[in-house]
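Numbering (the numbering used here), first residue to last: 6 to 78.
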């Protein structure tokens with residue numbers, strides 16, 4: 006699956022409640038923390054909601070790239 010925008014957030018969805026609204030909320034909060042614009046967040050969420058639950062999960066997951074705590078980034 007292609008990214009809607011060429012950005013990712015530092016977020017690991019493992020352990021997040023599987024509820025679609027919870028997944029979108031966690032993504033949205035992290036994106037805000039990382040300085041994403043409202044338009045960027047809305048673009049990803051709009052695409053995520055354009056299909057079924059699996060599409061939503063794949064879209065959000067595709068815009069998440071968890072960083073190891075040991076990385077110097």
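Yeah, the Cβ is synthetic: ideal placement off N, Cα and C, and Gly gets one too.
Start and end residues, alpha helix (DSSP H) containing residue i
i          : result
residue 28 : 25 to 38
residue 65 : 58 to 67
Nearest-angstrom Cα separation, counted from residue j out to residue i
i          : j          : result
residue 21 : residue 45 : 22 Å
residue 32 : residue 7  : 18 Å
residue 55 : residue 26 : 14 Å
residue 23 : residue 73 : 23 Å
residue 77 : residue 70 : Caution applies to residue 77, whose pLDDT of 47 falls short of 50 and renders its modelled position unreliable; the model cannot decide the point.
residue 37 : residue 60 : 22 Å
Buried versus exposed, by CB contacts within 10 Å (16 or more), residue i
i          : result
residue 28 : buried
residue 63 : exposed
residue 65 : buried
Take every Cβ of the region 37 to 44, pair it with every Cβ of the region 7 to 16, and state whether three or more of those distances are shorter than 8 Å.
yes
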